[in-house]
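Chains as they are written, first to last, in full-length UniProt numbering: chain H, 1 to 415; chain P, 1 to 296. C-beta: ideal position from N, C-alpha, C; glycine also. Right, one structure below, let's go through it.
Here you go:
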């Protein structure tokens, strides 16, 4: 069994929390004591039925205001798959939360209110999904019960969204008409919409193939830690510990250490459980090389053939996540995999109006702004363009005064 | 990759980030199944080297004797360092006052001992076994969760956490709580324990025990539980699904003494794991409030 991580994007009024609550409820993922807690809650739907949205509200302020402020993670499983939901708020002021949730998701569910169709926030959510390069998009046209389960309404939204998807380069888009409140096409196929021949939402989530192309990516291994027991019997033991970011490494492969450029061969791949001939993406391993070279945390071991870009002048897309504006004269930290170094965000090339997708000039760059910047780093980074390999193309900006994470970077190219 | 392999690889990577980013980390060890799982993951992350951190146990003095015995044996087998902070010391120093009454527990007091132990050890990162599926305030917890000088968690000022990049930069006096098994569910932990053949304290398996009924739950009769004439001691076959203090952990009636049966029983259970924790039942936001105060 594997894990599918997905994100739900929508606003308070789209019924996002109700959708998640419905999935948990209909897959019997809610236990008796949790259900009792909801039933005892004062919040009810208009018809007196329990409000499933409460299931995803974690914090006091959220329950009081009936909104989602932060990313909440929910877990459930069926016989076919395990699921991790990143429930993120959809309002523009929470763009950074959605970006955060999307950074670790394989799939995004975009909710559209059937009565409203494609609106500004649909564009915003879809833009973020394309910026973070999510593999799959599911457009759930919700509240179909409010439009008499009309096929015509659904088809109109389908057509409208299709042209947006082309503009945003979203390839894998699936459309499902649902009513989260009534449970239509969430777990079971709806009897109210016989014209819809596709899968229910859960059926789709259970069967959609993910990370199929990953094996073809170039091999990347950021070194996190060097294991050196320095005991008598393990006097010369020197193992490079880390997690394979992308691709696969085999014993005997020629590798290159970056940024130094030194070459060697893989002598041994091991874990606590023994030696392995190969290590694929996602595996946490310890690697041994044939030659003794100086490697420490922050270095990148790459396959020798397809190398990453190595540069200290980088063009990147950025999402700003702090209330304090981006300062082009300040020195920040940049963290890219295990590499931490100082940097300057030298120039803001443009800002994107994420509701209209227009590029605009930016004098100031504040919370939730997204745009393109030029960065100069103290040490060189060994990265891949985010759109080709997101495991080695994402980075964060840390404010050196507050230590807070203030920006998310999608690295694009060397300058 | 199988889901347990995926969760394991993520947890190992998080532990190695702690080693790489912090000067003086510690692993908070409670003797429960989650922290025992963390120890196994630490072996996987750092062997044949030593752990780059000691184990730290906050001993309330009200632990199950089986847990303490297990702890000492495990530490000896690992050959790693154990630091114990005693709640009794905090009481003796007058820093906390023992609760009175029938439902008295040292659960709340241990936060003070924990913060003192962190301060004394100058620990800048504390690894814990909390999981997001346990409780709704925990569902919003970061994997690297920054605490201020007072040990406080501020849910509204959490750092965004993107991709597999964890920001452990802090100011002096602050520390980071790190939760490598954030994305594991209760069943994942049990399935992992089974797969890896991890040894657990005997209280997790069915055994005969003197218990009394409190607020609809079976509590272990012990010298730490304030009892009066109304409390009737009965002998039952029970096991514990979650193990904290004897005063705040309820037993479940069960005759399951094999891990396969326990896994089956849990997967069919209609009650959540923390349903057996009296400390969570105080109010809807009991966990959120305690976390803000510096709790695990």
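Check whether the Cβ of residue 3/H lies closer than 8 Å to any Cβ atom in chain P.
-> yes
Could you pull the start and end residues of the alpha helix (DSSP H) that residue 411/H belongs to?
-> Taken as a continuous stretch (DSSP letters only), residue 411/H belongs to no alpha helix (DSSP H), being part of the beta strand (DSSP E) at 405-414.
What's the call for residue 127/P, buried or exposed, on a 16-neighbour Cβ count within 10 Å?
-> That one is buried.
Cβ contact (3+ pairs, closer than 8 Å) linking the region 128-142 of chain H and the region 207-218 of chain H | yes
Using alpha carbons as the reference points, say which of 232/P, 251/P, 176/P, 129/P lies closest to residue 207/P.
-> 251/P
Answer yes or no: does any C-beta atom of chain H fall closer than 8 Å to that of residue 240/P?
-> No, residue 240/P lies away from the interface with chain H (no Cβ there is under 8 Å from its Cβ).
The alpha helix (DSSP H) spanning residue 76/P covers which residue range?
-> 65-78
Sort out for me which residues DSSP pairs residue 95/H with in a bridge.
-> In the DSSP assignment, residue 95/H forms no beta bridge with any residue.
Taking 8 Å as the CB-CB cut-off, is residue 224/H touching chain P?
-> Chain P has a Cβ within less than 8 Å of the Cβ of residue 224/H.
Cβ-Cβ distance between residue 55/P and residue 82/P below 8 Å = The Cβ atoms of residue 55/P and residue 82/P lie closer than 8 Å to each other.
Euclidean distance between Cα positions of residue 383/H and residue 389/H = 9 Å
Reducing DSSP to helix, strand and coil, say where residue 40/P ends up.
-> helix
Name, please, each residue of chain P whose Cβ falls closer than 7 Å to the Cβ of residue 338/H.
-> 20
Tell me, please, whether the CB atom of residue 422/H is closer than 8 Å to any CB atom in chain P?
-> No statement about residue 422/H is possible, as the shown extent of chain H runs from 1 to 415 and does not include it.
Kindly provide the ranges of any beta strand (DSSP E) runs that are 3 or more residues long and lie completely inside the region 164-214 of chain H, ordered along the chain.
-> 172-177, all fully within the region 164-214 of chain H.
According to the neighbour-count rule (16 or more other Cβ atoms, all chains shown, within 10 Å of its Cβ), is residue 155/P buried or exposed?
-> When all chains shown are included, residue 155/P counts as buried.
Which same chain residues, not among the five before or five after residue 282/P, have their C-beta less than 8 Å away from its C-beta?
-> Summary for residue 282/P: the model assigns pLDDT 49, below 50, so the residue's position carries little reliability; its value from the coordinates is reported in the next sentence. Around residue 282/P: no qualifying Cβ.
Secondary structure at residue 23/H, three-state DSSP: helix, strand or coil?
-> helix
Top-ranked residue by Cα proximity to residue 82/H, from 1/H, 270/H, 355/H | 1/H
Could you confirm whether any beta carbon from chain P is found closer than 8 Å to the beta carbon of residue 456/H?
-> Since the first residue shown for chain H is 1 and the last is 415, residue 456/H is missing from the structure and cannot be characterised.
Just how far apart, CA to CA, sit residue 221/P and residue 114/H?
-> 58 Å
Run of the beta strand (DSSP E) containing residue 265/P, from where it starts to where it stops | Residue range 259-268 is occupied by the alpha helix (DSSP H) that includes residue 265/P, with no beta strand (DSSP E) assigned at that position.
Closest to residue 288/H by CA distance: which of 307/H, 308/H, 328/H, 241/H is it?
-> Looking from the CA of residue 288/H, the closest CA among 307/H, 308/H, 328/H, 241/H belongs to 241/H.
Simplified DSSP assignment, three categories, for residue 240/P | strand
Residue nearest to residue 21/P in terms of C-alpha spacing, selected from 394/H, 357/H, 332/H, 341/H = 341/H
Residue 228/P by DSSP, collapsed to three states: which one?
-> Note: residue 228/P maps to coil in three-state DSSP.
From this set, 122/H, 180/H, 199/H, which residue's C-alpha is nearest residue 161/H's C-alpha?
-> 122/H
Alpha-carbon spacing of residue 163/H relative to residue 117/H, whole angstroms | Near 13 Å, if we compare the C-alpha coordinates of residue 117/H and residue 163/H.
Positions along the region 185-219 of chain P whose CB lies within less than 7 Å of some CB in chain H | 185
Using 10 angstroms around the beta-carbon of residue 304/H, count the other beta-carbons present and answer buried if the total reaches 16, otherwise exposed.
-> So residue 304/H counts as exposed.
Answer yes or no: does any C-beta atom of chain H fall closer than 8 Å to that of residue 46/P?
-> yes
Hey, does residue 100/H have any beta-carbon neighbour from chain P nearer than 8 Å?
-> yes
Output, in sequence order along the chain, the residues in the region 153-165 of chain P whose CB is closer than 9 Å to any CB in chain H.
-> 155, 156, 157, 158, 159, 160, 161, 162, 163, 164, 165
Would you verify that the beta carbon of residue 224/P is, or is not, closer than 8 Å to some beta carbon of chain H?
-> no
Residue 171/P at chain H interface by Cβ criterion, 8 Å | yes
Measuring CA to CA, which of 202/H, 192/H, 233/H is closest to residue 143/H?
-> 192/H
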